[in-house]
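J.:
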Amino acid sequence: MEIITPQSDNYSSKKAQLINEEKFGPYTFPFKTQLSFEPLIKFWRTKLGSEDRGEAVLAKEIMSMLEEAPELQKPIEDFSVLDGYDDLVELLLAGIFPSVLRDKQLGFAIPPFLLKGFYFTPRLSELLLAREIRFGFGTNPILTKAVSIARACAIILNKFYGQNIVIDPPFNFVMRPKGKSMERYYKSELYGDFLEIKQLKPLQEISQDQINRLLSNIYDTQAWLEIVPPTHFEFEGLVFANLIDVTEEESLSRIKHKLLENDALIHPQSIQDLQFIARNYFGVPDLRLGVKAFDYPMTSEAPFRYKIEHNFLIDSPLEIFDPEFENSVYLRLCRKNTIMVIEDLVQYHDPTDIEVELLNYGIRSLVIAPLNDDHGQIIGFLELGSSRPNGLNALNLMKISELIPLFEIAVERSREETTNRVQALIRTNYTHIHPSVEWKFISTAYKYLDEDPLVPLKRAEPIRFKQVFPLYGQSDVVSSSSFRNQAIRADYIDNLKRIQKILKEANVFLDLPLLPHYQWEIDNVIESLSKGISTSDEVRIYQFIHSDIHSILKQIEHDHPQVTEMVKGYFNDLDPHFGIVYRQRRDYEESLRTINNTIEHILEEEDDRAQKMIPHYFEKIKTDGYEFNIYVGQSIMRDATFTDVHLKNLRLWQLTTLCRIGREIAKIQTSLSCPMDTAQMVLAYPSAIDIRFRTDEKKFDVDGVYNMDFEIIKKRVDKAVIKGSQDRLRKAGHLSVVYMHESQRQEYQEYFNYLIKNHYLEPAVEHFEIEKLQDVEGLRALRVMIKVDDPPQLSKK
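Offset between the sequence shown (1-based) and the numbering used here: plus 61.
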């Protein structure tokens, strides 16, 4: 849709058509509606006695001028009536469009519900008269008309039938200079403060049920007009609006929707569309956008081709990840995993052939952002470029940070879809499949080989197991992040104090102004570390020690023999790999490694025993501790018969295994350089689910959205908080069971009673409700302390 622009500078008094009816279609509003200044005149009459002197003077002047303009005091059907009254119209609208703001406002005034304006602010008039601007509604024209009718009917229902219905959607406009590469988006909110409704016929009875049916489908124009007949009411007055620039919000929304499309990052045209929207978002007319998916760190294995290769140098003969270009922006991006901003490539320090090639391709300023998966691994990058120096700079970082998660999700989804299409289900791919389910993969492969040896196995049906019971458990190191941060802080403080000692000694006999300066800076860093540390602090302090401090230490070691031995001793005490003091962190890492090795050994040993009881799928995932998933059911057992006894045996085995882990970790506390305890948790899921093998990740996952509850709860339960408190359910030295139904509580209470009797657990069992988690509510839990002493052998009974 387009707006017809006015033909004269005398814009406010001309019958300028707001919407191009040729494009929009003949716009006929079913209710009678007329322009009338009477509601606005009433407003100014109330201001004659205003305590605000300015308002009172303006109101008096308006009333005086109106005495000479009787035509403006009654409904106006023809805008030509306004000719000659420009000054009066300006004064009448002064409260809506103040003169001090009028040159900046994009505002207009129209009769109620009519798509033609009788007044435009100078700024909007200027844009329209330029004839380089196109406007268009962001909504469907038919829906726009339907909403207008529904809004009119709602106003009538509110006034005459005591309703409180709000139908007030904004109109959206697009403004784009012809031949330009950027658009701006505007939202127009209509204000009906000076709108009056006249009742022409007696009110007919309308029930609340009828009104509710109308509200259930506000786009049913015929239904609205049957309940609220247009012949019964008339609108008079005026409506005004201001256009609000929403370019950033609208552009970001359009990028989101574009990235939701199938293969949004595969087709070149999609990238061009994203580039166009990004130009609007950043306000950079020559902005170029590129995106590339890859795996980093690179492996020696043949990489998957994800088909997302739209980076700037895709057509260049240079390989952007060639080790020869170690200092290139791309390899630095991979090593640092942080956004790179180069405001002027000409000024890039120590450029490689890559930077030269970028300049040859017309890139002068550049921003490259890494794209990461959920584990923080680089899976690609997003790059933005401009042909102008400083066309992109650090001021763009906030906007870029809004884009990164959107592109990460799109790349992950595209990678998964592409991988699933190209991976072959061949026997060699199954070598690491758990033995309990290997038979299923082999039989599926043979099935398709038997049909036709030449049929690619990628056409084989997905590997699924129906109706299996999930058993999820975790043994988590409590407060591991806090211990890690404490270790980092302690090492940095130790490191900085060693440096302080050298600088203080050197300052006695060396006249170097930088020495006291760095002493002062180190004091500030130590003080900051005493309050805590963040990831950004960790990187900043590491760079400060390596780049600033070590440089001056090496120089004074070389130039001043008085401190040579002291500096050598300092460097000899540093970790040879990291180049900093690494004592507390090494203690933490070795302690965590010992704990994880202990847990892993117990899980593997206990699962060997459990497999003899009943074949089941088992997988463990290393975190700060371990998580493990078990799936068991008839579809996995193949030849044997699955019963409820098997399931109960595994559930009891799961509890005894976690008790053993808790005991063994408690025993080794005194041998750990950094003592840390664990908390054990079980998710008792009440029903069977379907699972499917994901060939991209070489693991099983739930199959179908109806089975997603288990995965959602499993991901959320780690953050469970006891209802009515701030305390986490997870507690060091304790075993917790999260459940949903009373029958589960009874079952696990029986297991606890048995384990208490056999000295696995302390007698006191706590019962809790769990605070609502994201998308999860109604959970309950049992919690009990694990006995540290070894229990006697389990009773065979």
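Ideal Cβ placement from N, Cα and C applies to all residues, glycine included.
#1: Please return the same chain residues whose Cβ sits closer than 8 Å to the Cβ of residue 867, not counting the five positions on each side in sequence.
#2: Straight-line CA distance for residue 348 to residue 313?
#3: Between the beta-carbon of residue 631 and the beta-carbon of residue 559, is there less than 9 Å?
#4: I need the straight-line Cα distance from residue 404 to residue 445, nearest angstrom please.
#5: Smallest Cα separation from residue 284: which of 255, 356, 228, 211?
#6: What are the partner residues of residue 233, as DSSP defines its beta bridges?
#7: Does the segment 523–530 touch the segment 695–704, meaning 3 or more C-beta pairs lie closer than 8 Å?
#8: Of all the options 555, 618, 592, 650, which has the alpha carbon lying nearest to the alpha carbon of residue 634?
#9: What three-state label does DSSP hand residue 318 in the structure shown?
#10: Using C-beta distances below 8 Å, list every residue in its chain close to residue 825, excluding the 5 sequence neighbours before and after it, in chain order.
#11: Would residue 173 be called buried (16 or more neighbouring beta carbons within 10 Å of its own) or exposed?
#12: From what residue to what residue does the beta strand (DSSP E) around residue 702 run?
#13: Which residue's Cα is closest to the Cα of residue 354: 342, 325, 344?
#14: Would you call the CB atoms of residue 794 and residue 723 closer than 9 Å?
#15: For a minimum of 3 consecutive residues, which ranges assigned as the beta strand (DSSP E) are wholly contained in the segment 772–830?
#16: Near residue 539, what residues of its chain come up, given a Cβ to Cβ distance below 8 Å and the 5 sequence neighbours on each side ignored?
#17: Along the alpha helix (DSSP H) that carries residue 646, what are the first and last residues, could you check?
#18: Would you mind working out which of 399, 235, 389 sits nearest residue 412, comparing C-alpha positions?
#19: If contact is defined by three or more beta carbon pairs under 8 Å, each pair taking one atom from either stretch, is the segment 243–258 in contact with the segment 291–309?
#20: Apply the 10 Å Cβ neighbour rule to residue 466 and answer buried if 16 or more other Cβ atoms are within range, or exposed otherwise.
#21: How about residue 374 and residue 422: do their beta carbons lie closer than 9 Å?
#22: Could you spell out the range, first to last residue, of the beta strand (DSSP E) harbouring residue 440?
#23: Can you pull the DSSP bridge partners for residue 843?
#24: Bridge partners of residue 306, per DSSP?
#25: To which residues of the same chain is residue 714 closer than 6 Å at the C-beta, ignoring the five residues directly before and after it?
#26: Helix, strand or coil for residue 525? Go by DSSP, reduced to three states.
#27: When you compare each of 623, 852, 409, 533 to residue 819 by their alpha carbons, which one comes out closest?
#28: If you reduce the DSSP assignment to three classes, tell me which class residue 539 lands in.
#29: Could you tell me the boundaries of the beta strand (DSSP E) in which residue 891 lies?
#30: By the three-class DSSP mapping on this structure, what secondary structure does residue 254 have?
#31: Return the residue from the list 184, 637, 771, 269 that minimises the CA-CA distance to residue 838.
#32: Just the Cα atoms here: how many angstroms apart are residue 263 and residue 836?
#33: With distances taken between CB atoms, is the gap from residue 621 to residue 571 smaller than 9 Å?
#34: Check whether the Cβ atoms of residue 175 and residue 94 lie closer than 9 Å to each other.
#35: Classify residue 751 as helix, strand or coil using the three-state DSSP reduction.
#36: Taking the beta carbon of residue 318 as the centre, do at least 16 other beta carbons fall within 10 Å, making it buried, or is it exposed?
T.: In terms of the structure at hand:
#1: The structure shown does not extend to residue 867, since the chain spans only 62 to 858, so no value can be given for it.
#2: Mapped onto the sequence shown, residue 348 falls at position 287. Mapped onto the sequence shown, residue 313 falls at position 252. Each residue's Cα considered, the two are about 15 Å apart.
#3: For the purposes of this step, residue 631 is taken as the residue at position 570 of the sequence shown. For the purposes of this step, residue 559 is taken as the residue at position 498 of the sequence shown. Against a cut-off of 9 Å, the Cβ pair of residue 559 and residue 631 comes out as a contact.
#4: Residue 404 sits at position 343 when you count from the first residue of the sequence shown. Residue 445 sits at position 384 when you count from the first residue of the sequence shown. Straight-line Cα distance between these residues: approximately 11 Å.
#5: On the sequence shown, residue 284 is found 223 positions in, with the first residue counted as 1. Ranking the options by Cα distance to residue 284, first place goes to 211.
#6: As a working mapping, residue 233 is identified with position 172 in the sequence shown. Residue 233 is bridged to 248.
#7: yes
#8: Here residue 634 corresponds to residue number 573 of the sequence shown, with the count starting at 1. The residue with the shortest Cα to Cα distance from residue 634 is 555.
#9: Here the question's residue 318 lines up with position 257 in the sequence shown. For residue 318, the three-state secondary structure derived from DSSP is helix.
#10: Counted from its first residue, the sequence shown places residue 825 at position 764. Within the same chain, residue 825 has close Cβ partners 845, 846.
#11: For the purposes of this step, residue 173 is identified with residue 112 of the sequence shown, where counting begins at 1. Flag for residue 173 reads buried.
#12: Translated into positions along the sequence shown, residue 702 becomes position 641. Going by DSSP, residue 702 is part of no beta strand (DSSP E) at all; its letter is neither H nor E.
#13: Along the sequence shown, one-based indexing puts residue 354 at 293. Nearest C-alpha to residue 354: 325.
#14: For this step, residue 794 is matched to residue 733 along the sequence shown. For this step, residue 723 is matched to residue 662 along the sequence shown. Between residue 794 and residue 723, the C-beta spacing is below 9 Å.
#15: 795–800, 822–830
#16: As a working note, residue 539 is residue 478 in the sequence shown. Cβ within range, chain order: 737, 738, 739, 740, 791, 792, 793.
#17: On the sequence shown, position 585 is the one that residue 646 refers to. First-last of the alpha helix (DSSP H) with residue 646: 644–674.
#18: Sequence index remark: in the sequence shown, residue 412 carries index 351 (1-based). The option with the nearest alpha carbon to residue 412 is 389.
#19: The segment 291–309 vs the segment 243–258: in contact.
#20: Here residue 466 refers to the residue found at position 405 of the sequence shown. Result: exposed.
#21: For the purposes of this step, residue 374 is taken as residue 313 along the sequence shown, with counting starting at 1. For the purposes of this step, residue 422 is taken as residue 361 along the sequence shown, with counting starting at 1. Contact: yes.
#22: What you label residue 440 is simply residue 379 of the sequence shown in a count that begins at 1. Element bounds for residue 440: 439–447.
#23: Counted from its first residue, the sequence shown places residue 843 at position 782. Looking at the DSSP assignment, residue 843 forms a beta bridge with 798, 828.
#24: The sequence position of residue 306 within the sequence shown is 245, counting from 1. Answer is 247, bridged to residue 306.
#25: Working through the sequence shown from its first residue, we reach residue 714 at position 653. The answer, listed in chain order, is 671.
#26: Locating residue 525 in the sequence shown gives position 464, where the first residue counts as 1. The answer is strand: DSSP assigns residue 525 an E or B state.
#27: Start at 1 with the first residue of the sequence shown, and residue 819 comes out as number 758. Residue 852 is the option with its Cα nearest to residue 819.
#28: Locating residue 539 in the sequence shown gives position 478, counting from the first residue. Coil at residue 539, not helix or strand.
#29: The question about residue 891 has no answer here: the residues shown for the chain are numbered 62 through 858.
#30: If you number the sequence shown from 1, residue 254 lands on position 193. DSSP places residue 254 in strand when its eight states are reduced to three.
#31: Start at 1 with the first residue of the sequence shown, and residue 838 comes out as number 777. Of the listed residues, the one whose Cα sits closest to residue 838 is 771.
#32: For the purposes of this step, residue 263 is identified with residue 202 of the sequence shown, where counting begins at 1. For the purposes of this step, residue 836 is identified with residue 775 of the sequence shown, where counting begins at 1. Rounded to the nearest angstrom, the two C-alpha atoms are 51 Å apart.
#33: For this step, residue 621 is matched to residue 560 along the sequence shown. For this step, residue 571 is matched to residue 510 along the sequence shown. A contact, by the Cβ cut-off of 9 Å.
#34: Counting from 1 along the sequence shown, the entry for residue 175 is found at position 114. Counting from 1 along the sequence shown, the entry for residue 94 is found at position 33. Yes, these two residues count as a Cβ contact at 9 Å.
#35: Here residue 751 refers to the residue found at position 690 of the sequence shown. In the structure shown, residue 751 sits in a strand (DSSP, three-state: E or B).
#36: Along the sequence shown, one-based indexing puts residue 318 at 257. By the neighbour-count rule (16 or more Cβ atoms within 10 Å), residue 318 is not buried but exposed.
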